[in-house]
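Its first residue numbered 0, the sequence shown is counted upward by one per residue in numbering that gives the first Met the number 0.
For each residue, glycine too, the CB sits at the ideal point set by N, CA and C.
For reference, the structure discussed in these notes is given below.
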Amino acid sequence: MALFNIFKKKEKKEKKEENKFTSQIVKTGNVAYSLQEVSKRYEIPISALDFDLLSVDTYVKLAKETDFVIADVQTIELIKDKDLISDKDFEIKQSYEIKIKRFKFEDDFELVGKMVVDKDLTHAKYIVSPSSLLIYSEILESKIIEELKKKKLKSGMLVEIDLFSGNFIEDVRQLVAKIRILGSIKEEFKIELCKALSPIKPVKMQIVEHYKKNQTRDQRVKGFIYPIHKDQIIIEIIKPKSGKNGRSCRGEFIEVSNIDDIDIPEFKINDDVIIKENENAICYISNKDGYIYIKKNVISIKDELEVNQISLKTGNITGAENSNVKLEVKESGALKEAIKDGMIVETTELIVKGNVGNGAKIKAKKLEIDGQTHKGSKILAQNAKINAHKGYLKANTAIINRLEGGIIEANKVHINQGISGKVIAKEIKIDILGSHLTLIASDLIEINTLKGSENRFIIDETVVTHQESYIESLEEKKEKLNIKIRQYKEKFKENKNIILKNQNTIETIKTKIKENREKNISVNPVYIQKVKKFNDFVRKTKKIEEEIKNMLEKKQSIIDELNKIQNGVFLAKIISHSGFPEFNRIEFHLTEPPINITYDTKETDKMKNIFMLKDYGEMEYKIIGEVE
0 MALFNIFKKK EKKEKKEENK FTSQIVKTGN VAYSLQEVSK RYEIPISALD FDLLSVDTYV
60 KLAKETDFVI ADVQTIELIK DKDLISDKDF EIKQSYEIKI KRFKFEDDFE LVGKMVVDKD
120 LTHAKYIVSP SSLLIYSEIL ESKIIEELKK KKLKSGMLVE IDLFSGNFIE DVRQLVAKIR
180 ILGSIKEEFK IELCKALSPI KPVKMQIVEH YKKNQTRDQR VKGFIYPIHK DQIIIEIIKP
240 KSGKNGRSCR GEFIEVSNID DIDIPEFKIN DDVIIKENEN AICYISNKDG YIYIKKNVIS
300 IKDELEVNQI SLKTGNITGA ENSNVKLEVK ESGALKEAIK DGMIVETTEL IVKGNVGNGA
360 KIKAKKLEID GQTHKGSKIL AQNAKINAHK GYLKANTAII NRLEGGIIEA NKVHINQGIS
420 GKVIAKEIKI DILGSHLTLI ASDLIEINTL KGSENRFIID ETVVTHQESY IESLEEKKEK
480 LNIKIRQYKE KFKENKNIIL KNQNTIETIK TKIKENREKN ISVNPVYIQK VKKFNDFVRK
540 TKKIEEEIKN MLEKKQSIID ELNKIQNGVF LAKIISHSGF PEFNRIEFHL TEPPINITYD
600 TKETDKMKNI FMLKDYGEME YKIIGEVE
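What follows is the structure, given as structure tokens:
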């Protein structure tokens with residue numbers, strides 16, 4: 000019980016000590032620390048304390064060996080010199096006389112917001128919230144300035160030095176001007192508290208190999224074949240630059256490390272490469288399309304390149320399909336691959352003397368393959384010439400010696416010997432055709448010698464030109480137009496009936512208006528309003544009529560487009576100059592209506608050379624065979 004009484008007495012004493020505190024004047028170099036000391040001593044929450052700034056003394060140290068001296072007006076002017084404050088031996092600090100007091104809430108002033116600083120504490124802003132209580136008066140500017148100075152001092156920032164204040168005063172004045180005119184702020188307002196001296200980081204010398212940027216990781220490690228386009232940067236040398244020291248809003252020195260002296264490398268070049276230099280970098284730029292060669296600091300560009308084989312040792316060759324460059328792969332062994340499994344080759348012109356492996360991908364404008372393509376290969380080309388094709392080929396024109404199970408999509412295809420596979424093109428011509436091939440064309444399938452059976456000869460405009468989705472969209476547009484036309488026609492009919500019903504009345508009113516004007520009698524405004532309203536209604540109705548006309552024209556153009564696609568099937572031909580043996584299938588696929596007409600050849604068709612589709616009207620279609 001006695002122990003409890005001791006604690007109780009102590010609590011009363013401390014409470015009494017707290018109640019005694021009214022204010023205290025202190026001299027300090029750290030405002031935040033002094034506030035914490037008072038808070039601890041009197042057991043008052045720091046949020047319940049406030050202070051007034053009574054005076055500021057600034058001290059500087061201009062050299063390492065000297066002592067701090069109080070800064071006079073001339074010295075304060077010197078502090079504006081950025082070279083001085085970036086000097087390592089220069090030091091600055093401040094001492095403040097403050098009056099610590101209890102916080103008292105003001106009915107007409109509360110500054111709400113947050114402070115934002117950069118990582119080096121060289122730039123600080125205060126974001127004023129619209130929820131702040133700021134009522135315009137003659138002293139509002141000074142109140143905001145004093146409040147923000149307190150926030151700076153609590154964060155340890157220097158005050159009342161121009162170089163460390165940025166646009167502080169100007170921003171506060173803009174804020175006060177807004178409040179004076181608008182009464183308040185509707186959105187956040189930024190005030191620059193401090194803008195000291197940001198450090199400038201040094202720039203190390205760097206060689207950037209731009210010609211490798213578009214390559215895969217494997218190519219960067221192993222590759223040596225790099226395509227380049229005219230005007231592209233080959234190599235960029237970033238010049239080394241010294242950094243600059245900085246100083247924070249607290250006056251603290253921010254040191255920047257020095258960089259070592261280093262010689263800038265120099266590359267030898269010819270007319271294929273040009274140099275552009277500025278204060279930051281030296282750029283070596285390609286003056287033509289080609290392949291990059293860099294050896295012993297010599298840069299050269301070749302527009303023709305010969306390699307024995309494309310493999311993991313060379314890496315993939317990409318990005319040169321739009322350059323005017325030629326690549327020849329010389330490996331021609333029957334049991335070897337000139338382009339190994341999984342490799343990628345992209346160039347303008349490609350000549351492959353041998354075989355193309357599984358998973359290989361080729362993209363070229365002009366392509367010639369003397370060997371065979373694996374069934375897992377994928378080739379894209381404008382013009383392709385292949386000896387034996389087993390993979391996938393997409394081209395504009397394709398000339399194939401032997402088709403052995405491969406797939407071809409092209410505009411025009413000429414095959415010497417078709418053993419098996421699938422071809423989709425506008426025109427397909429084959430010299431000798433075996434069995435089990437699927438040929439899909441929009442215009443022509445022409446065979447010189449047809450030896451086999453179980454082939455499919457298909458005329459289908461949509462598959463060849465990839466118009467399935469296009470036709471669907473046309474049909475959808477046509478149906479939407481039909482619905483809209485019906486709605487507009489109903490509205491037009493309704494409006495027209497209203498016009499006919501009111502026309503005589505309006506004519507009578509018009510006559511009355513004319514008579515009154517001729518007699519200089521004032522016209523009843525109601526009459527004028529009725530005529531105006533009627534005329535507006537007529538114009539609106541005419542606009543509906545024009546819209547109907549436009550929609551009907553659009554609908555007809557869609558029908559014409561569908562008919563154009565459809566009519567192509569009746570002009571297409573399937574020709575075999577040696578006749579058609581039995582067990583081959585002829586197919587014609589119609590667009591509108593979407594039906595397929597088929598015919599299986601018989602023994603008697605050996606004498607027929609041409610098959611076409613004939614329209615007998617009333618949706619009756621028939622495949623007919625003719626003799627040349």
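Exercise. Throw me the rounded Cβ distance for the Asp-369 and Val-344 pair, which I believe falls under 8 angstroms.
Key: Asp-369 to Val-344, Cβ: 15 angstroms. No contact.
Exercise. Tell me, please, whether the CB atom of Val-111 is closer than 8 angstroms to any CB atom in chain D?
Key: Absence of chain D from the displayed structure is noted, only one protein chain being present.
Quiz item: What is the residue span of the beta strand (DSSP E) that Leu-48 lies within?
Solution: 48-60
Self-check item: DSSP state of Ser-434 mapped onto helix, strand, coil
Solution: coil
Practice problem: Just the C-alpha distance for Thr-313 and Asp-430, rounded to the nearest angstrom, thanks. | Solution: Straight-line Cα distance between these residues: approximately 39 angstroms.
Practice problem: Report the three-state DSSP secondary structure of Thr-215 (helix, strand or coil). | Solution: Its pLDDT being 48, under 50, Thr-215 is placed unreliably in this model, and the coordinates cannot settle the point.
Quiz item: At what residues does the alpha helix (DSSP H) containing Ala-176 begin and finish?
Solution: 167-181
Quiz prompt | Runs of alpha helix (DSSP H) lying entirely within the segment 337-390, each at least 4 residues, in chain order | solution = none
Practice problem: Select from Glu-109, Gln-308, Thr-600 the residue whose C-alpha is nearest the C-alpha of Glu-140. | Solution: Glu-109
Practice problem: Indicate whether the contact test is met: 3 or more Cβ pairs, each with one atom in the segment 107-125 and one in the segment 80-91, closer than 8 angstroms. | Solution: no
Exercise. Could you say which of Asn-454, Gln-381, Phe-163, Asn-382 lies nearest to Gly-417 if we only look at CA atoms?
Key: Just measuring C-alpha positions, the residue of Asn-454, Gln-381, Phe-163, Asn-382 sitting nearest Gly-417 is Asn-454.
Quiz item: What are the boundary residues of the beta strand (DSSP E) that includes Tyr-615?
Solution: Taken as a continuous stretch (DSSP letters only), Tyr-615 belongs to no beta strand (DSSP E), as it is neither H nor E.
Quiz item: Which stretch, first to last residue, makes up the beta strand (DSSP E) that contains Ile-596?
Solution: 595-599
Exercise. With DSSP as the reference, please indicate the residues paired to Gln-416 in a beta bridge.
Key: Arg-401, Ile-431
Practice problem: Compare the C-alpha of His-388 against each of Lys-365, Met-204, Gly-356, Tyr-487 and name the closest. | Solution: Selected option, being the one with the closest Cα: Gly-356.
Quiz item: Any idea if Met-606 is buried or exposed, counting beta-carbon neighbours within 10 angstroms, 16 or more meaning buried?
Solution: exposed
Quiz item: Should the segment 59-69 be called in touch with the segment 177-193, which here means at least 3 C-beta pairs below 8 angstroms?
Solution: no
Quiz item: Asp-559 to Leu-436, Cα distance in whole Å?
Solution: 34 angstroms
Exercise. Flag this pair as touching only if the segment 27-39 and the segment 93-100 have three or more C-beta atom pairs under 8 angstroms; answer yes or no.
Key: yes
Practice problem: Return the chain-ordered ranges of every alpha helix (DSSP H) run that is complete within the segment 543-569 and spans a minimum of 4 residues. | Solution: none
Quiz item: CA-CA distance, Ile-233 and Asn-386?
Solution: 37 angstroms
Exercise. Could you give the DSSP three-state label for Gln-308: helix, strand or coil?
Key: coil
Quiz item: How many angstroms separate the CA atom of Lys-221 from the CA atom of Leu-349?
Solution: Below a pLDDT of 50, predicted positions are generally treated as unreliable, and Lys-221, at 45, falls in that range; the measurement from the model is reported next regardless. Near 22 angstroms, if we compare the C-alpha coordinates of Leu-349 and Lys-221.
Quiz item: Which class does Ser-452 belong to by DSSP, given the choice of helix, strand or coil?
Solution: In this structure, Ser-452 counts as coil in the three-state DSSP scheme.
Practice problem: Mark Val-127 as exposed unless 16 or more other C-beta atoms lie within 10 angstroms of its C-beta, in which case mark it buried. | Solution: buried
Practice problem: Confirm the yes/no value for this check: CB of Leu-402, any heavy atom of the ligand ZN, distance under 7 angstroms. | Solution: Looking at this structure, you won't find the ligand ZN or any other ligand, since it has none at all.
Quiz prompt | First through last residue of the alpha helix (DSSP H) which encompasses Lys-149 | solution = Its alpha helix (DSSP H) spans residues 139-153.
Quiz item: Under the three-state reduction of DSSP, which class applies to Asn-4: helix, strand or coil?
Solution: Confidence at Asn-4 is low in this model, with a pLDDT of 49, below 50, so the placement of that residue is unreliable and no value is reported for it.
Exercise. Mind checking which residues open and close the beta strand (DSSP E) that includes Gln-205?
Key: First-last of the beta strand (DSSP E) with Gln-205: 205-208.
Quiz item: Does the distance from the CB of Thr-57 to the CB of Ile-160 come in under 8 angstroms?
Solution: yes
Quiz item: From Thr-448 to Tyr-391, what distance separates their C-alpha atoms?
Solution: Taking the straight line joining both Cα atoms gives about 25 angstroms.
Self-check item: Coil, strand or helix - Arg-538 by DSSP
Solution: helix
Self-check item: CA-to-CA distance, Ser-577 to Asn-608, given in whole angstroms
Solution: Distance from the CA of Asn-608 to the CA of Ser-577, rounded to the nearest whole angstrom, comes to 7 angstroms.
Quiz item: Thr-396 by DSSP, collapsed to three states: which one?
Solution: strand
Practice problem: Evaluate contact between the segment 487-495 and the segment 539-551, counting only Cβ atoms and requiring at least three cross-stretch pairs below 8 angstroms. | Solution: yes
Quiz item: Straight-line CA distance for His-228 to Asp-288?
Solution: Cα to Cα, the separation comes out at about 4 angstroms.
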